[in-house]
Amino acid sequence: MNNLKNRYRTSDIHDVMEIIRNPSSDYDPEPTTLPAEFTRNSKLWAETDAIVSKDGVHYTYKQYYDEAARFAKSCVSIGMGPQAVVSIIGFNSCEYFFSLQGSWLAGCVPAGIYTTNSAQACYYVLHHSEATICVCEGGKSATKIASIRDQLPNLKAIIVYWPEQGLPTVNQDDGFAKVYSWDDWMKLGASVPTEEIVRRTNAIKPGNCATLIYTSGTTGTPKAVMCSHDGCCYNAKVIDYYAHTKTDNRFVSFLPMNHIAAQFVDTMIPVMYPVTVYIARPDALRGSLLNTLQLAQPTLFVAVPRVWEKFADKLKATFAEASYLKSILISWFRSIGFAISSSHQFGETPYNPWGTTLAKHMLFDKIRGKLGLSACRFLAVSAAPISQETLDFFSSLNLEIHDVLGQSEGTAPLCFNTDTNQEWKMYTSGRVMKGVQVKTDPNTNEVLFKGRIVMMGYMKQPVETAATIDDDGWLHTGDQAMIDADGFVKVTGRLKELIVTAGGENVSPVPIENKVMELCPLIANCVVVGDKRKFLSCLVSLKTEVNPLTGEPSEKLTPMVVELIKKQGGSATTVFEARNDAAVKRMIDEAIAGYNKVAISRAQEVRKWYLMERDLSLGHGELTATLKLKRNVVHDHFSKEIDSMYSEN
1 MNNLKNRYRT
11 SDIHDVMEII
21 RNPSSDYDPE
31 PTTLPAEFTR
41 NSKLWAETDA
51 IVSKDGVHYT
61 YKQYYDEAAR
71 FAKSCVSIGM
81 GPQAVVSIIG
91 FNSCEYFFSL
101 QGSWLAGCVP
111 AGIYTTNSAQ
121 ACYYVLHHSE
131 ATICVCEGGK
141 SATKIASIRD
151 QLPNLKAIIV
161 YWPEQGLPTV
171 NQDDGFAKVY
181 SWDDWMKLGA
191 SVPTEEIVRR
201 TNAIKPGNCA
211 TLIYTSGTTG
221 TPKAVMCSHD
231 GCCYNAKVID
241 YYAHTKTDNR
251 FVSFLPMNHI
261 AAQFVDTMIP
271 VMYPVTVYIA
281 RPDALRGSLL
291 NTLQLAQPTL
301 FVAVPRVWEK
311 FADKLKATFA
321 EASYLKSILI
331 SWFRSIGFAI
341 SSSHQFGETP
351 YNPWGTTLAK
361 HMLFDKIRGK
371 LGLSACRFLA
381 VSAAPISQET
391 LDFFSSLNLE
401 IHDVLGQSEG
411 TAPLCFNTDT
421 NQEWKMYTSG
431 RVMKGVQVKT
441 DPNTNEVLFK
451 GRIVMMGYMK
461 QPVETAATID
471 DDGWLHTGDQ
481 AMIDADGFVK
491 VTGRLKELIV
501 TAGGENVSPV
511 PIENKVMELC
521 PLIANCVVVG
531 DKRKFLSCLV
541 SLKTEVNPLT
551 GEPSEKLTPM
561 VVELIKKQGG
571 SATTVFEARN
581 DAAVKRMIDE
591 AIAGYNKVAI
601 SRAQEVRKWY
611 LMERDLSLGH
621 GELTATLKLK
631 RNVVHDHFSK
641 EIDSMYSEN
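Sequential numbering from 1 applies to the sequence shown in full-length UniProt numbering.
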């Protein structure tokens, strides 16, 4: 079906997008599809390890393809046609990977669901996408889906890949979706000939929809981003220029697989280049990630800001325990590390200051080893803004974290910092991807992109699609940015997050929040408020220990925070105590005052702050699965606290 009213956009999952090539560009690869590349390269790298499960089970590329093909055959056996949707909910696993690749081999479209979603939120995705099957990890996820199966007439099967967590009990003959164990599902298509999978793979066009990425809904109802096969393959193929992925690659899969960053890194790049992907445990973000990193020794590692911040906090706590002499050495080594990193920027001359060899031996190599990053060639941060202080901290350890600007609507990365030809500048998101155009709107400073990586559109939402991709094919990102003379993009804010004060001043909250957190290491989260108010205020929370079972923040302050409070004459060890501790109040006051000294206008100064009784969390719905802030939820949950800062009393 191809009834495109505009060659650059559509809201119909069945449409085939025109591939608009640019032969004069510095990069214009031949259009292709994910299953075509997977089929071809799984033969080339047949005996190379492709994935390693959390339990240490290795699958070669041949075995990976064979399992994916079995999944695809089962899809065919129940009558799934081209562009039918395969919904998946669960933690990263080999079965998740087989389901993704199997969907593509069958000509279907995967649509991930966050494991933290409620049954109602799961229903929205399944109903909106008209999913034919839903693959679940088991336990709570499978139970959630089973509880709403009678509301989903299009759903034919619920497949549980970790049945040891429990299969939901349902009436298999009531006319609604049947429940299958993973093994039973994989046997279902045994009679489907391999030739049918080959035929389906060959029938897929580069302009077909490859994947549905449901946005995290930080500002409202999730939208289903349709990414084309061409866009996915285009970006995955060019990545070698930035991250050197041609050979000897090891990645760690731990970010939610329904997020574009995880799908791109864990399943799309590995069909273009040989990669062994080590799958982390479900509790990766609660502490086990370091163990997986040390085992895998990744060559490329991409994390969200909060992961890097947690690593930084642990290292800072270790440094704080050092003796006086050792502290002096660490400070000297870190000054060397920062100088080395700074010299690797665009336009600079790389050099190694005196003492580099000693610093490398005594500090830098040990830190890399502790983090499991000794073999890493490329470190990156994406999905949310990261503070300058965090980037500086790792640069001082000679760990250059490359900020990558990306979003689902751009099929993952749009801009990239890279060591290649020193195309890297601190505090920027790098240059636009090869073959892609970029500009800013002169009125709003919104950054716009154009090229083959731009999404097809939002499924079933033509109005929203037209508002995001204009008639000339430019993607309106919602990010405000400036582009310097060398072509490096620096994001300065987000249009939807702009605070408009009662005086009409437009304020971007993120730079303020980052500065306050930089000035006060006690603070875990800072949320600036003040929309339609006379002045700005902020909610702050303190860094606390995390419950290892639930991943939720506890009442207990981290050892580093306790030590900092103690050094300032305080005695608090819990959030409750901290809220009445004079030293804590003084430290936060000083941070606010420190920010106000550098605020660009009086309207952008923060007048008041409120220390929350707990930190923000996934469980309370204030953070997305990639740990981005949901401002509207925070405002709802802490409305009384916000109002109290504006009370006349």
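Positions of the beta carbon are idealized from the N, C-alpha and C atoms, including for glycine. Computed from a predicted structure; not experimentally measured.
Quick check on residue i: does DSSP put it in helix, strand or coil?
i, result
"residue 263", "helix"
"residue 60", "strand"
"residue 615", "coil"
"residue 492", "strand"
"residue 201", "helix"
"residue 254", "coil"
"residue 538", "strand"
"residue 15", "coil"
"residue 1", "At residue 1 the pLDDT is 49, less than 50, meaning the model places this residue with poor confidence and gives no usable figure here."
"residue 604", "helix"
"residue 114", "coil"
"residue 242", "helix"
"residue 364", "helix"
"residue 376", "coil"
"residue 20", "coil"
"residue 386", "coil"
"residue 643", "helix"
In its own chain, which residues sit with a C-beta less than 8 Å from the C-beta of residue i, not counting the 5 before and 5 after it?
i, result
"residue 545", "553, 554, 556, 557 and 558"
"residue 1", "With a pLDDT of 49 at residue 1, under the threshold of 50, the modelled position of that residue is not reliable, and no figure is offered here."
"residue 495", "444, 446, 478, 479 and 480"
"residue 576", "555 and 613"
"residue 344", "350, 400, 419, 422 and 424"
"residue 283", "548 and 551"
Among the residues of its own chain, which have a CB less than 6 Å from the CB of residue i, if the five just before and after it don't count?
i, result
"residue 353", "336 and 339"
"residue 7", "18"
"residue 104", "34 and 35"
"residue 178", "157 and 172"
"residue 608", "537 and 645"
"residue 225", "213, 408, 409 and 455"
"residue 126", "87 and 152"
"residue 512", "528"
"residue 59", "50 and 51"
"residue 664", "With the chain covering only 1 through 649, there is no way to say anything about residue 664."
"residue 722", "The structure shown does not extend to residue 722, since the chain spans only 1 to 649, so no value can be given for it."
"residue 605", "596 and 599"
Starting from the C-beta of residue i, find all residues in its chain whose C-beta is less than 7 Å away, skip the five residues before and the five after it, and write them out in chain order.
i, result
"residue 273", "240, 245, 246 and 249"
"residue 303", "381"
"residue 71", "98, 99, 102 and 186"
"residue 533", "501, 502 and 646"
"residue 517", "387, 523 and 526"
"residue 66", "none"
"residue 306", "627"
Considering only C-alpha positions, which residue in the set the options is nearest to residue i?
i, options, result
"residue 509", "115, 480, 487 and 522", "480"
"residue 309", "390, 541 and 613", "390"
"residue 205", "304, 302 and 14", "14"
"residue 133", "237, 81 and 121", "81"
"residue 565", "202, 542, 50 and 348", "542"
"residue 277", "306, 124, 49 and 517", "49"
"residue 583", "520, 627 and 618", "520"
"residue 411", "268, 119, 112 and 243", "268"
"residue 385", "42, 258 and 403", "403"
"residue 350", "548, 31, 197 and 424", "424"
"residue 209", "216, 197 and 230", "230"
"residue 331", "279, 395 and 601", "395"
"residue 164", "397, 642, 142 and 27", "142"
"residue 616", "599, 61, 578 and 539", "539"
The ligand NAD and residue i: does the residue's C-beta get closer than 7 Å to at least one heavy atom of that ligand?
i, result
"residue 466", "No copy of the ligand NAD occurs in the structure displayed, which carries no ligand at all."
Problem - 4-residue-minimum alpha helix (DSSP H) runs that sit fully inside the region 388-470, ordered along the chain - result: You should have 388-395 and 462-468.
Problem - At least three beta-carbon pairs within less than 8 Å, the region 428-435 to the region 445-456 - result: In this structure the region 428-435 lies against the region 445-456, because at least three pairs of beta carbons, one per stretch, are closer than 8 Å.
Handout entry: Complete beta strand (DSSP E) runs within the region 285-362 (minimum length 3 residues, chain order)
Key = Runs of the beta strand (DSSP E) lying entirely within the region 285-362 and spanning at least 3 residues, in chain order: 300-303.
Exercise for the section: Mind the definition here: the region 615-628 touches the region 585-594 only if three or more C-beta pairs lie below 8 Å; say whether that holds. Expected result: Because the criterion of three Cβ pairs below 8 Å is not met, the region 615-628 and the region 585-594 do not touch.
Practice task
Could I get the ranges of all uninterrupted alpha helix (DSSP H) runs contained in the region 28-109, with 4 residues as the minimum, in chain order?
Solution key: Look at the region 28-109 and you find these whole runs of alpha helix (DSSP H), each 4 residues long or longer: 34-44, 61-77 and 94-105.
Problem - Stretch pair the region 356-373 + the region 485-495: three plus CB contacts closer than 8 Å - result: No, the region 356-373 is not in contact with the region 485-495.
Exercise for the section: Mind the definition here: the region 278-293 touches the region 254-268 only if three or more C-beta pairs lie below 8 Å; say whether that holds. Expected result: Three or more beta-carbon pairs drawn from the region 278-293 and the region 254-268 are found closer than 8 Å, and the two stretches are therefore classed as touching.
Exercise for the section: Mind the definition here: the region 180-190 touches the region 67-84 only if three or more C-beta pairs lie below 8 Å; say whether that holds. Expected result: With three or more CB-CB distances shorter than 8 Å, the region 180-190 counts as touching the region 67-84.
Exercise for the section: With a floor of 3 residues, list each beta strand (DSSP E) that falls wholly inside the region 122-210, ordered by position along the chain. Expected result: Counting whole runs of 3 or more residues, the region 122-210 contains the beta strand (DSSP E) stretches 133-136, 157-160 and 178-181.
Problem - In chain order, each alpha helix (DSSP H) run of at least 4 residues that lies wholly inside the region 546-583 - result: DSSP runs (the alpha helix (DSSP H)) wholly in the region 546-583: 559-567 and 575-578.
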